[in-house]
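Protein chains in written order, with my numbering: chain F, 112 to 223; chain B, 258 to 588. Read through the structure below, which is laid out as structure tokens, and then see the notes.
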């Protein structure tokens, strides 16, 4: 699953890069932020919600789609709605989890 | 050429073709699945059909059980282990901290007594799944180790040799941190590879090339092009390859280049969990008898992941590009 998420991120990277090339300087700057791993957004569309699963497609490349349990959607979201999906790298969260993992490994390997 | 010589040559060719056909096609379909549980004098290895992910359970001739990986979150690993007669686990190995390998480890530890745990000790992929697994090991007080290349352990007559990772990790890829073990029982050798990618394989070939030979190779990384290539096959020289993946998976596993490579190799028999369900290798120390939950036409075993999924076939070049992207992504 972690791998899947990583690959989605990477697909998002490539997609956003393409958009930046077409939409001028602001977009390119946004892309630079994305490349620095800070913050960027993707435009997505809810293609359908069926059996409590929402199928989301990239606005610019509707061959790219992914599913999300519908209860994770914003309230009132429905088929055909467009959204900006924001990505902001959370280094604090990662560092906190890494610390927990380091501590657990240290305990288990008797290094503490 | 005389007519009698021509006839003899023709007959010889027909006999060779029949032997080839028997070995490649008929023989594998005659074996029934062994009964659940350990079998005296045999090493029973089951490559569990848990969808996209890895999980193999080894039931040893002395009755001990080793689990290598546990499949992804939400997969029925615990039920399958029960179905196959597992009662407790002497050693569980989480090859590397990706959820499609360790996602069910907490459930396994809660369902069965696990006596010892081996983990790659790779902290640079700090996910909730990995944290929760380590926390459960700690909570239960399970004996824990992060083995390294050169370590080995005997379980009765079965020997485990660790071939990866090295003393220090080769890069920041969790896949390349995979614990790779060769299991030896008598003359039977089986290589379990996690998701080891080309960089890890290169290092293994350089540093432990003499220990890589195995009769059975679990294809690394679900048949991805970054887990199997000609150099790897030349180093391992397997006669059997198993691929653990799900039909219709998102990753195009197995990759066209891998299935084409295997298709050209007449010395290797291919087994796939996506098509054949759980695969069983019954080892008596001399020969390995393979059986599968389901049987499919031989031609299907060389179908790419996309062909199985009914998706448009990507070209070999497209595959190469795809492999490059994946390699970059996984770092």
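Cβ coordinates follow ideal geometry from the N, Cα and C atoms, glycine included. Because the structure is a prediction, the values reported are computed rather than measured.
Check your understanding: What first and last residue would you give for the beta strand (DSSP E) that runs through residue 351 of chain B?
Key -> 348–351
Review point. With contact counted as at least three CB pairs below 8 angstroms, one residue from each stretch, are the segment 475–484 of chain B and the segment 450–458 of chain B in contact?
Key: yes
Review point. Residue 193 of chain F and residue 156 of chain F look like a contact to me (Cβ under 8 angstroms); what is the Cβ gap, rounded to whole Å?
Key: 5 angstroms
Exercise for review: Under the assumption that residue 418 of chain B contacts residue 405 of chain B (Cβ atoms under 8 angstroms), give the Cβ distance between them as a whole number of angstroms.
Suggested key: No, residue 418 of chain B and residue 405 of chain B are not in contact; Cβ-Cβ is about 12 angstroms, not under 8 angstroms.
Review point. To which residues of the same chain is residue 117 of chain F closer than 6 angstroms at the C-beta, ignoring the five residues directly before and after it?
Key: Unreliable placement is indicated for residue 117 of chain F, whose pLDDT of 40 sits below 50; the coordinate value is still reported in the next sentence. Hits under 6 angstroms: none found.
Exercise for review: Would you grab the beta carbon distance between residue 348 of chain B and residue 323 of chain B for me? Rounded to a whole angstrom, and I think it's under 8 angstroms.
Suggested key: 5 angstroms
Review point. Straight-line CA distance for residue 591 of chain B to residue 490 of chain B?
Key: The structure shown does not extend to residue 591 of chain B, since chain B is modelled only from 258 through 588, so no value can be given for it.
**Study point:** Under 8 angstroms by beta carbon: chain B residues contacting residue 220 of chain F
**Key:** 378, 401, 402 and 403
Exercise for review: Kindly indicate which three-state DSSP category residue 376 of chain B falls into: helix, strand or coil?
Suggested key: strand
Point to revise | 3-residue-minimum beta strand (DSSP E) runs that sit fully inside the segment 392–445 of chain B, ordered along the chain | key: 400–402, 409–412, 415–421 and 437–442
Check your understanding: With a Cβ-Cβ cutoff of 9 angstroms, do residue 288 of chain B and residue 548 of chain B count as a contact?
Key -> yes
**Study point:** Sub-9 angstroms separation of residue 160 of chain F and residue 184 of chain F beta-carbons
**Key:** yes
Practice item. Name, in chain order, the residues that DSSP records as bridge partners for residue 214 of chain B. Key: The requested residue 214 of chain B does not occur in the structure, where chain B is confined to residues 258 to 588.
Review point. Can residue 153 of chain F be considered in contact with the ligand NAD, in the sense that its beta carbon sits closer than 8 angstroms to one or more heavy atoms?
Key: As for the ligand NAD, it is missing from this structure, which has no ligand bound.
Practice item. Compute the Euclidean distance between the alpha carbons of residue 390 of chain B and residue 566 of chain B, then round it to the nearest angstrom. Key: 32 angstroms
Review point. Between the C-alpha atoms of residue 164 of chain F and residue 178 of chain F, what's the straight-line distance to the nearest angstrom?
Key: 6 angstroms
Practice item. Please list the segments of the alpha helix (DSSP H) lying wholly inside the segment 500–555 of chain B, counting only runs of 4 or more residues, in order along the chain. Key: 513–521 and 530–533
**Study point:** Within-9 angstroms CB hit, residue 162 of chain F to chain B
**Key:** no
Check your understanding: Can you tell me the Cα-Cα spacing of residue 320 of chain B and residue 269 of chain B, whole angstroms?
Key -> 47 angstroms
**Study point:** Straight-line gap, residue 366 of chain B to residue 375 of chain B (C-alpha atoms, nearest Å)
**Key:** 13 angstroms
Exercise for review: Starting from the C-beta of residue 158 of chain F, find all residues in its chain whose C-beta is less than 6 angstroms away, skip the five residues before and the five after it, and write them out in chain order.
Suggested key: 166 and 168
Practice item. Return no unless some Cβ of chain F is closer than 9 angstroms to the Cβ of residue 388 of chain B. Key: yes
Check your understanding: Under the rule that 16 or more other beta-carbon atoms within 10 Å means buried, what is residue 263 of chain B, buried or exposed?
Key -> exposed
Review point. Of all the options B:353, B:336 and B:303, which has the alpha carbon lying nearest to the alpha carbon of residue 432 of chain B?
Key: B:353
Review point. Does the distance from the CB of residue 469 of chain B to the CB of residue 492 of chain B come in under 9 angstroms?
Key: yes
Check your understanding: Which residues, taken in chain order from the segment 410–435 of chain B, show a beta carbon closer than 7 angstroms to some beta carbon of chain F?
Key -> none
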